[in-house]
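Some notes on the structure that comes next.
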Amino acid sequence: MKVFKNFTDYSSQKPLALSLGMFDGVHLGHKSIIDELIKRGTENNLETAILTFWPHPRFVFNPNEDLKLLNTLEEKKQLVERYGIDNLFLKEFDEEFRNLTGEEFVRQILIDKLNVKYLIIGYDHSFGKNKSGNFELLQKLSKELDFEVEQMEAINIHENNISSTKIRNALLAGKIREANEMLGYSYSVSGTVVHGKKIGRTIGYPTANIDTESIKLLPKKGAYIVEVDIKGQFYKGMLSIGTNPTVNGEKLTVEVYILDFDNDIYDEKITVRFRDFLHDEIKFEGIEKLIERLDEDKRLTEGFNF
414 MKVFKNFTDY SSQKPLALSL GMFDGVHLGH KSIIDELIKR GTENNLETAI
464 LTFWPHPRFV FNPNEDLKLL NTLEEKKQLV ERYGIDNLFL KEFDEEFRNL
514 TGEEFVRQIL IDKLNVKYLI IGYDHSFGKN KSGNFELLQK LSKELDFEVE
564 QMEAINIHEN NISSTKIRNA LLAGKIREAN EMLGYSYSVS GTVVHGKKIG
614 RTIGYPTANI DTESIKLLPK KGAYIVEVDI KGQFYKGMLS IGTNPTVNGE
664 KLTVEVYILD FDNDIYDEKI TVRFRDFLHD EIKFEGIEKL IERLDEDKRL
714 TEGFNF
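In this text, residue positions in the sequence shown follow my numbering: the first is 414, and each later residue adds one.
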């Protein structure tokens with residue numbers, strides 16, 4: 414897959430089958446769009462492309478908003494490539510771009526610069542200054558500018574439309590299985606293993622503290638069953654998101670106890686994939702009660718069907 418940050422860097426002999434949007438999470442709704450793009454591209458000898466924005470436009474419009482995303486940039490690239498797209502455009506949402514009307518965007522970018530012949534958008538997508546671009550505008554322009562446009566219907570699970578917002582809300586409620594079902598894969602968090610207070614090792618549960626990217630959404634505080642990926646090797650793990658209230662902690666940490674593992678992995682990058690929710694963050698009466706709960710969490714993790 415080729416990645417472009419500027420439209421001027423792109424040139425191809427083939428026209429494009431393209432979709433645009435944030436694609437945060439690259440969830441099953443997005444995958445249905447990608448699958449259709451690839452199908453149309455194959456049928457009509459078109460290259461496939463996703464046009465998305467980085468950073469998120471909401472960081473531009475609301476710089477003080479504490480928006481958390483389902484994907485880091487690297488994760489988004491990996492998912493889009495895994496699903497078979499040829500080209501990924503990562504456009505900065507700068508002043509010039511945000512002032513393009515919907516029609517200007519279609520004419521100047523999609524047609525003049527990218528030679529789009531097939532365009533597919535999500536069921537609720539709008540674009541351009543003041544959201545002046547929508548499916549109706551695209552239908553009108555498609556006849557004049559000689560491209561085909563399609564609007565995908567929402568993908569439903571249990572009669573609920575899949576959306577990035579619903580996935581965020583599920584994660585923030587600790588509903589891991591529900592979020593993973595909408596994503597089509599296990600939600601993950603990656604980061605570098607850093608030194609912590611090393612309290613876990615004194616009670617038989619040494620943990621790896623993970624330094625995560627600040628824009629990445631963390632599920633609600635609590636304990637989780639996770640799969641841990643260390644250099645392509647997979648281990649069962651118990652992960653905690655919280656402040657360690659039993660030992661009067663204050664800073665939010667992400668810590669994972671890796672079953673059947675005792676190697677030194679400081680400064681290594683690891684990935685944890687969330688599989689199930691164990692329980693909310695608990696302030697125990699003492700260390701003994703904490704250990705009892707950790708023993709029970711370990712039993713549940715060992716018995717979990719990975």
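Note that CB positions come from ideal geometry on N, CA and C, so glycine has one too.
- Rounded to whole angstroms, the gap between the alpha carbons of E488 and G597 is 14 Å.
- Following the DSSP letters along the chain, one finds A586 in no beta strand (DSSP E), marked with neither H nor E.
- In the three-state DSSP reduction, D422 falls in the helix class (H, G or I).
- When secondary structure is reduced to three states using DSSP, G597 falls in the coil class, being assigned neither helix nor strand.
- Between the segment 685-696 and the segment 628-638 there are three or more C-beta pairs closer than 8 Å, enough to call the two in contact.
- Residue pairing by DSSP places L433 opposite L464 in a beta bridge.
- For I671, the CB contacts under 6 Å within the same chain, skipping 5 residues up- and downstream, are V641, Y648 and G650 in chain order.
- If you draw a 10 Å sphere on the C-beta of H443, you find 16 or more other C-beta atoms in it, and that means buried.
- In the pairwise beta carbon analysis, the segment 559-572 is classified as touching the segment 528-540: at least three pairs are separated by under 8 Å.
- Looking from the CA of E566, the closest CA among D537, K544 and F420 belongs to D537.
- F647 carries a strand assignment under DSSP once its states are collapsed to helix, strand and coil.
- The Cβ neighbour count for S424, taken over all protein chains shown within 10 Å, is under 16; the residue is labelled exposed.
- Here the alpha carbons of G438 and S601 stand approximately 10 Å from one another.
- Looking at T485, D422, P428 and A621, the one whose alpha-carbon comes closest to that of M435 is T485.
- The alpha carbon of H440 has as its nearest neighbour, out of S539, I570, F674 and V606, the alpha carbon of I570.
- Apart from sequence neighbours up to five positions away, the residues of its chain that approach F540 with a beta-carbon distance below 7 Å are L433, G515, F518 and G546, ordered along the chain.
- The Cβ neighbour count for L665, taken over all protein chains shown within 10 Å, is under 16; the residue is labelled exposed.
- Proximity to G617 across E572, T625, D673 and I589 peaks at D673, based on C-alpha coordinates.
- Selection N676, R511, E508 and I695 evaluated against T659 yields I695 as nearest (Cα-Cα).
- Annotation: E449 to E715 spans about 40 Å, alpha carbon to alpha carbon.
- In this structure, the alpha-carbon of R520 lies about 16 Å from that of A430.
- Collapsing the DSSP output to three states places E517 in a helix.
- Using a Cβ distance threshold of 8 Å, K682 and S603 count as a contacting pair.
- Look at F719 here: in three-state DSSP terms it is coil, with no helix or strand label.
- Contact between F420 and L527 holds: their C-beta atoms lie close to 7 Å from each other, under 8 Å.
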